[in-house]
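Residue numbers (this note's numbering): 931 to 1118.
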């Protein structure tokens, strides 16, 4: 495999065939000459992608943008096992991209990862003040329906509590994401 800039990786075709239906079809094509498969991704991304194929604990360097690019590679090349391995290691990255990780967790039905992401929503510049009235259509279409409904229920309950205590008894500033994360559950 080769990648930009100037990265070359020698990979046994068995590894690629095992983990990717797209690469398997490509490598089994009799009309394909044996040349390097070129991917237009940074060599560090390809290294992590390949490491996830054969290592139980690859170095992920706690870098959400890189992990997002590797997730996109997994989706492009239909690498479900690699995507699962990556997903199991995303909890430490939740503070970097809480909303994106919540949405991904919802698509994979991973309640534990969704809770961790919600607890980290206070770090998300764009979504930390998310309330029912500020939920955009774009944001509402990203998580799965059961997870979105679970989040709406939690936001509604916390909004009722805030309204109940507005008469000076308690002063809530923003959303209590730790509490929402702890009590979150999808609605089925």
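Glycine included, each C-beta is placed from N, C-alpha and C at the ideal position.
Sequence-distant partners of residue 960 (beyond 5 residues in either direction) whose C-beta falls short of 6 Å from its own C-beta are missing from its chain. The C-beta distance from residue 1048 to residue 1032 rounds to 6 Å, short enough to meet the 8 Å contact threshold.
Pairing residue 1112 with residue 1080 gives a Cβ-Cβ distance that is not under 8 Å. Taking a C-beta distance under 8 Å as the contact criterion, residue 1061 and residue 1000 do not qualify as a contact pair.
Distance from the CA of residue 1050 to the CA of residue 965, rounded to the nearest whole angstrom, comes to 45 Å. In terms of Cβ geometry, residue 1043 and residue 1021 form a close pair [threshold 8 Å]. For residue 971, the secondary structure class from DSSP, reduced to helix, strand or coil, is strand. The alpha-carbon separation between residue 1074 and residue 973 amounts to approximately 32 Å. DSSP, read as helix, strand or coil, puts residue 965 in coil. In this chain, the alpha helix (DSSP H) harbouring residue 1034 covers 1028 to 1038.
In the three-state scheme derived from DSSP, where H, G and I count as helix and E and B as strand, residue 1071 is classed as coil. Taken through DSSP and simplified to helix, strand or coil, residue 1109 comes out as helix. With a cutoff of 8 Å on beta-carbon distance, residue 1008 and residue 952 are scored as near each other.
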